[in-house]
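Please read the structure below before turning to the comments.
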Amino acid sequence: MAVIATMTTRAATLLLTCMYSAAISIFPGEAAAQVGAVIEVIGGSVLLHKAGDEFGKAIDRARAAASSLLGQADDIAKARLSQLDEIANRTISDMIGKSEVAATRILEDATKKVNDLEAKIMTDVSKAIWQAECAGRQLLVSDLGTALGKLGKTFGTNKIRLTPPVRVLKTPAWYTGCLWWCKDPYVVDVTEPFGKTYVAVRDLMEGAIASDEVADDTPADNIVGTYEYLSSFAKRASCFYQGSEERYNRESISYQYKAHQWNNVVDVRLQ
Numbered sequence: 208m209a210v211i212a213t214m215t216t217r218a219a220t221l222l223l224t225c226m227y228s229a230a231i232s233i234f235p236g237e238a239a240a241q242v243g244a245v246i247e248v249i250g251g252s253v254l255l256h257k258a259g260d261e262f263g264k265a266i267d268r269a270r271a272a273a274s275s276l277l278g279q280a281d282d283i284a285k286a287r288l289s290q291l292d293e294i295a296n297r298t299i300s301d302m303i304g305k306s307e308v309a310a311t312r313i314l315e316d317a318t319k320k321v322n323d324l325e326a327k328i329m330t331d332v333s334k335a336i337w338q339a340e341c342a343g344r345q346l347l348v349s350d351l352g353t354a355l356g357k358l359g360k361t362f363g364t365n366k367i368r369l370t371p372p373v374r375v376l377k378t379p380a381w382y383t384g385c386l387w388w389c390k391d392p393y394v395v396d397v398t399e400p401f402g403k404t405y406v407a408v409r410d411l412m413e414g415a416i417a418s419d420e421v422a423d424d425t426p427a428d429n430i431v432g433t434y435e436y437l438s439s440f441a442k443r444a445s446c447f448y449q450g451s452e453e454r455y456n457r458e459s460i461s462y463q464y465k466a467h468q469w470n471n472v473v474d475v476r477l478q
């Protein structure tokens, strides 16, 4: 891992791409790889391989969701991860020695169990975020002054100045509050509903680490920090949508997953 930590950002990106394509997930575990090995022994058809892929993806999604609870609701997270391990291990064990048809049915049934469990995990996630990030109440745009915390601050009546971990985009040296041609790139207009503001922030931050912005000398922690920032911002955005917050919670989990993958590859730890 120490050797990997010295690689360039572009090289790390290439390595991540290769790891994704190999369908071996560092963060959620190696269930997909283990299932794939059993399928190779069985010598199954396209249908069996498809069932295996769907099972692996379901396990990965559910594990990422359960792992996002670590540090907030550790007992629940560990219990859910243990349940997923039990399903994965049982599935792999049951497949051994079975026919292609039987193995396919086992995978399909197991995928349904994982999806049902993931739905329960997402309920756990929503409850944890509701208490930790939302303080148990739905937020309004008028709450932004305190809701954003370290993520940014409001000024005027309808603007947020974001405070990303690393300012990848540059503010023009002559910026003093003049018009659009010298605007601070990290000032975002607040709109109703807040979801539109969230999309503007998401697009801005993702754009800062897009392939055309990342060079060989770009510090990897710029990327990790941006993903962590986006994960936190998505959690806060969910507080504006009690009852329909799952979209934002899933995006938060996705960004947390990406940050964790980068941490594993380049051995970066966000301070």
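Each residue of the sequence shown is one higher than the one before, counting from 208 in my numbering. We treat Cβ as the ideally placed atom computed from N, Cα and C, and that holds for glycine. All values reported here derive from a predicted model rather than from experimental measurement.
### Message
Among the candidates E452, G402, I249, V397, whose CA atom is the shortest distance from the CA of K334?
### Response
Of the listed residues, the one whose Cα sits closest to K334 is E452.
### Message
In this structure, how does DSSP classify K320 when only helix, strand and coil are distinguished?
### Response
Under the three-state reduction of DSSP, K320 is assigned to helix.
### Task
Within the same chain, show all residues whose beta-carbon is closer than 7 Å to that of Q463, passing over the 5 residues directly before and after it, in chain order.
These residues qualify, in order along the chain: S275, S438.
### Task
Quick one: residues in its chain with C-beta nearer than 6 Å to the C-beta of M412, no 5 flanking neighbours on either side, listed in chain order?
Excluding residues within five positions, the ones whose Cβ falls inside 6 Å are T433, L437.
### Message
In whole angstroms, give me the CA-to-CA distance for C487 and E325.
### Response
For residue 487 there is no data in the structure shown, the boundaries of the chain being 208 and 478.
### Query
With 16 other CB atoms within 10 Å as the buried threshold, where does D331 fall?
Buried, by the Cβ-count rule.
#### Entry: Meets three-Cβ-pair contact criterion under 8 Å: the stretch 342 to 356 and the stretch 394 to 407
As far as the Cβ criterion goes, the stretch 342 to 356 touches the stretch 394 to 407, which means the pair count is three or higher.
### Query
I430 by DSSP, collapsed to three states: which one?
Of the three classes helix, strand and coil, the one that applies to I430 here is helix, per DSSP.
### Task
Look up R287 in the DSSP assignment and say whether it is helix, strand or coil.
For R287, the three-state secondary structure derived from DSSP is helix.
### Message
Considering just the uninterrupted stretch of the beta strand (DSSP E) at F362, what are its terminal residues?
### Response
In the DSSP assignment, F362 falls within the unbroken beta strand (DSSP E) covering 359 to 362.
### Nearest-angstrom Cα separation, counted from E435 out to A466
Answer to the nearest angstrom: the Cα atoms are 6 Å apart.
### Task
Name the two residues that bound the continuous alpha helix (DSSP H) containing D255.
Correcting the residue identity first, residue 255 is Leu in this sequence and not Asp. First-last of the alpha helix (DSSP H) with L255: 253 to 274.
### Task
Specify the secondary structure class of R344 as computed by DSSP and reduced to three states.
Looking at R344 - three-state DSSP - the assignment turns out to be coil, as it is neither helix nor strand.
### Query
If we ignore side chains and look at the alpha-carbon of each, how far apart do V282 and A339 end up?
Per the sequence shown, the amino acid found at residue 282 is Asp instead of Val. Spanning the two alpha carbons is a distance of roughly 16 Å.
### Message
Pop quiz: A295 and I266 are said to be a contact at Cβ under 8 Å. What is the actual Cβ separation, rounded to whole angstroms?
### Response
Yes, A295 and I266 are in contact; Cβ-Cβ is about 6 Å, under 8 Å.
### Message
Please return the same chain residues whose Cβ sits closer than 7 Å to the Cβ of I336, not counting the five positions on each side in sequence.
### Response
Excluding residues within five positions, the ones whose Cβ falls inside 7 Å are K442, S445, N456.
#### Entry: DSSP bridge partner residues for I367 (one or two, in chain order)
Paired residues: T361, V395.
### Task
Report the rounded CA-to-CA distance for A229 versus R409, giving the unit in angstroms.
Because A229 sits at a pLDDT of 36, beneath the cut-off of 50, its placement in the model cannot be relied upon, and the point is left open.
#### Entry: Proximity below 9 Å, CB of E261 to CB of E315
Contact: yes.
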